[in-house]
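Take a look at the structure set out below.
Chains as they are written, first to last, in the numbering used here: chain D, 1053 to 1277; chain A, 23 to 75; chain R, 387 to 631; chain F, 5 to 213.
Structure (structure tokens):
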């Protein structure tokens, strides 16, 4: 019997290897993020001060929507080719394996987004002093979002044209993330401490780590039935 | 009476609110009953079909 | 401890009969209490010194908001029971709560907006309560959307149950974060909704309305749950006997 | 080598509105091959999915060595190899990589064991190619190598020989034969009977009504 850690490592490794063999799919959410944040200056005004005011909201809404694109693919292939069934019948804890899958999803979707956010922020006239705060808040927020997405993606497995439904299920649940994430970004831009909203984001993430994999496993089992 | 109806100048807010809420209550009562009778009719149709076959 | 009541409650024909028998006992008091509460609130209660007669909207708004939350909580708890004990009747109960809750969320939102027009000068401001209600409406719509999208009724029951529970954990977090967000962005002089200086003649009709809406919810659920049980038990013999008579 | 026993007791299974299994019972023990046959829609797949625990029966139970399979499902799944209708393979990975990850989460497996398993299903020739480039029959062979590698006493196979040629069909029969001779139990849903010795075979026919 494979130990739990090795099993999780194998799940992550497989996802990473698959993603690098098929890099285009990886880039789509990032391109989406870049394009949306580019559209705002065109729609509003190129004036730096006005852009700076809306930057937190623009960054977070764009991050939320592009993560949603990635979440749609979280389980789709694995459900179609029967890999999820094999996970469920592997003798390992399905909760644990799905947690590993969520980790690999964050590495492939959330982390690149966090690393790209300074570029988008710079385009919105955000001072470079805000970069660490923005990266930290987007990185933490996307962890929680990946966890949340694992649950809702698990619920919508096998539903034809489930994309819009997935948004309807995920976005209301992500409201706290948006509020605290955007607030952290706003404070980073203003140069005041971001600790307050970051604590909330962290608390939400911890709650997500403890509960979301369980709910995701339940959701996947139900969807496989 | 007209005092009561004018609601101290707030008639345009108070009365639509009351109408909306009462309307939703009535609608829900009707919808609940319709939902039940549909399920009932459907079950009856099914039983009849099974007896016929 | 005697668990027979639990198993009897879990038996679909039993709940079907009980619900049918209990329903009138909720329906009539509901009608009387709501009529009484409306009369008390619209006629007897004195106007608020600050909001005048406009505050009377609270007699329909607050009970609707209360019902919308109560329905969501009931739905999620019933869904949880259905998941844990694989109880059909619990899923039937959860399914009956959703449309009722969604409608009264609409009522709470609509009356809130109508209150906002004279008080804020616009139908919509991002008041924390209204915002929370709006998110709640989306949660209800997502729940019903998921249910409708899954063809297999048992799978629909169980999948939507997971969603309801996740939503229940999230509702207080949403509420809290919206309050927090509002405290940062809102100017303090803006009047918060539903905070008139309350006195007994004002409070009594409100309490009557709360009880009335609670009974209304129970009565509506009792009617709907019977239909949901029939839908889930189509194959069983007892249904054939019940619908034949 | 311990003897195993799998039993199903008055299983009732619904798929949506349809009552597919109406009080089905069966038993199989070490050294037996249980062949499930029936027309399309007779409930073969539902039965197999109930046996492995993906589907829960409305009433009735499946027991592995006298214990309900849902009592300790992880221990049960560790002794079970499941092959569904589709071969659970990733098109962008080679056969070897697929087996490395697929089997790896169940039990530690080295390259030599994977090579051996691929040889046994006559898939060594295309072991390095991305699975995407293989034919459906070749994929089925790789998936069967995965079943071999699981080293599980119980095999539950849904149409193991689909897409396979005559030689592949014989191969599946041979693999099943070997599994039951060494104390295993194999349950398979099939359209055409597998070439397995009659003495070891139990048959379970499902009808649509």
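Virtual Cβ for every residue (Gly too), placed ideally from N, Cα, C. All values reported here derive from a predicted model rather than from experimental measurement.
Could you tell me whether the Cβ of residue i comes closer than 8 Å to any Cβ of chain R?
{"i": "residue 1144 (chain D)", "result": "no"}
{"i": "residue 48 (chain A)", "result": "no"}
{"i": "residue 27 (chain F)", "result": "no"}
{"i": "residue 1231 (chain D)", "result": "yes"}
{"i": "residue 1258 (chain D)", "result": "no"}
{"i": "residue 74 (chain A)", "result": "no"}
{"i": "residue 71 (chain A)", "result": "no"}
{"i": "residue 1220 (chain D)", "result": "yes"}
Within 8 Å of any Cβ in chain F, is that where the Cβ of residue i sits?
{"i": "residue 1213 (chain D)", "result": "no"}
{"i": "residue 538 (chain R)", "result": "yes"}
{"i": "residue 1064 (chain D)", "result": "no"}
{"i": "residue 437 (chain R)", "result": "no"}
{"i": "residue 1161 (chain D)", "result": "no"}
{"i": "residue 1054 (chain D)", "result": "yes"}
{"i": "residue 1210 (chain D)", "result": "no"}
{"i": "residue 609 (chain R)", "result": "no"}
State the start and end residues of the unbroken alpha helix (DSSP H) segment that holds residue i.
{"i": "residue 476 (chain R)", "result": "474-506"}
{"i": "residue 178 (chain F)", "result": "170-185"}
{"i": "residue 1252 (chain D)", "result": "1247-1276"}
{"i": "residue 124 (chain F)", "result": "115-124"}
{"i": "residue 47 (chain A)", "result": "33-74"}
{"i": "residue 440 (chain R)", "result": "No alpha helix (DSSP H) contains residue 440 (chain R), which DSSP labels as neither H nor E."}
{"i": "residue 202 (chain F)", "result": "Note, residue 202 (chain F): premise wrong, no alpha helix (DSSP H); not H, not E."}
{"i": "residue 1175 (chain D)", "result": "1163-1175"}
Which one of the options has the shortest CA to CA distance from residue i?
{"i": "residue 1057 (chain D)", "options": "D:1170, D:1073, D:1149", "result": "D:1149"}
{"i": "residue 20 (chain F)", "options": "R:620, R:627, R:624", "result": "R:620"}
{"i": "residue 10 (chain F)", "options": "F:152, F:124, F:187", "result": "F:187"}
{"i": "residue 435 (chain R)", "options": "R:585, R:609, R:423", "result": "R:585"}
{"i": "residue 70 (chain F)", "options": "F:51, F:7, F:113", "result": "F:7"}
{"i": "residue 1242 (chain D)", "options": "D:1192, D:1217, D:1178, D:1195", "result": "D:1178"}
{"i": "residue 1265 (chain D)", "options": "D:1208, D:1198, D:1244, D:1215", "result": "D:1198"}
{"i": "residue 401 (chain R)", "options": "R:615, R:489, R:626", "result": "R:615"}
{"i": "residue 1176 (chain D)", "options": "D:1227, D:1108, D:1234, D:1235", "result": "D:1108"}
{"i": "residue 113 (chain F)", "options": "F:32, F:86, F:152, F:27", "result": "F:152"}
{"i": "residue 212 (chain F)", "options": "F:84, F:27, F:43, F:154", "result": "F:43"}
May I ask which residues mark the beginning and end of the beta strand (DSSP E) holding residue i?
{"i": "residue 1119 (chain D)", "result": "Where residue 1119 (chain D) is concerned, there is no enclosing beta strand (DSSP E), although the alpha helix (DSSP H) it sits in stretches over 1100-1124."}
{"i": "residue 23 (chain F)", "result": "22-33"}
{"i": "residue 615 (chain R)", "result": "Segment 586-618 is the alpha helix (DSSP H) holding residue 615 (chain R); no beta strand (DSSP E) there."}
{"i": "residue 36 (chain F)", "result": "36-42"}
Inspect the beta-carbon positions of residue i and residue j and report whether they are closer than 8 Å.
{"i": "residue 1084 (chain D)", "j": "residue 1136 (chain D)", "result": "no"}
{"i": "residue 1187 (chain D)", "j": "residue 1170 (chain D)", "result": "yes"}
{"i": "residue 465 (chain R)", "j": "residue 473 (chain R)", "result": "no"}
{"i": "residue 1268 (chain D)", "j": "residue 1190 (chain D)", "result": "no"}
{"i": "residue 529 (chain R)", "j": "residue 484 (chain R)", "result": "yes"}
{"i": "residue 75 (chain F)", "j": "residue 103 (chain F)", "result": "no"}
{"i": "residue 1172 (chain D)", "j": "residue 1237 (chain D)", "result": "no"}
{"i": "residue 143 (chain F)", "j": "residue 93 (chain F)", "result": "yes"}
{"i": "residue 177 (chain F)", "j": "residue 200 (chain F)", "result": "yes"}
{"i": "residue 72 (chain F)", "j": "residue 65 (chain F)", "result": "yes"}
{"i": "residue 1193 (chain D)", "j": "residue 1229 (chain D)", "result": "yes"}
{"i": "residue 164 (chain F)", "j": "residue 189 (chain F)", "result": "no"}
Residue i CB to nearest chain D CB: under 8 Å?
{"i": "residue 93 (chain F)", "result": "yes"}
{"i": "residue 524 (chain R)", "result": "yes"}
{"i": "residue 88 (chain F)", "result": "yes"}
{"i": "residue 144 (chain F)", "result": "no"}
{"i": "residue 573 (chain R)", "result": "With a pLDDT of 48 at residue 573 (chain R), under the threshold of 50, the modelled position of this residue cannot be trusted, and the question is left open."}
Quick check on residue i - is its C-beta less than 8 Å from some C-beta in chain A?
{"i": "residue 497 (chain R)", "result": "yes"}
{"i": "residue 432 (chain R)", "result": "no"}
{"i": "residue 576 (chain R)", "result": "Since pLDDT at residue 576 (chain R) reaches only 45, below the 50 mark, its modelled position is unreliable, and the value read off the structure follows with that caveat. Cβ-Cβ to chain A under 8 Å: no for residue 576 (chain R)."}
Spatial neighbours of residue i within its chain, please: CB distance less than 6 Å, with the 5 preceding and 5 following residues excluded, ordered by chain position.
{"i": "residue 68 (chain F)", "result": "10, 80"}
{"i": "residue 479 (chain R)", "result": "464, 611"}
{"i": "residue 191 (chain F)", "result": "38, 160"}
{"i": "residue 576 (chain R)", "result": "Low per-residue confidence applies at residue 576 (chain R): pLDDT is 45, beneath 50, and the placement is therefore not dependable enough to give any value."}
With a CB to CB cut of under 7 Å and the five nearest residues on each side skipped, what residues in its chain are close to residue i?
{"i": "residue 1155 (chain D)", "result": "1064"}
{"i": "residue 1066 (chain D)", "result": "none"}
{"i": "residue 55 (chain A)", "result": "none"}
{"i": "residue 452 (chain R)", "result": "596, 599"}
{"i": "residue 574 (chain R)", "result": "Its pLDDT being 44, under 50, residue 574 (chain R) is placed unreliably by the model, and the measurement read from it follows with that caveat. Result list for residue 574 (chain R): empty, nothing under 7 Å."}
{"i": "residue 1217 (chain D)", "result": "1208, 1211"}
{"i": "residue 88 (chain F)", "result": "162"}
Shorter than 7 Å, the distance from the beta carbon of residue i to the closest heavy atom of the ligand MN, or not?
{"i": "residue 149 (chain F)", "result": "Of ligands this structure carries none, so the ligand MN is not represented either."}
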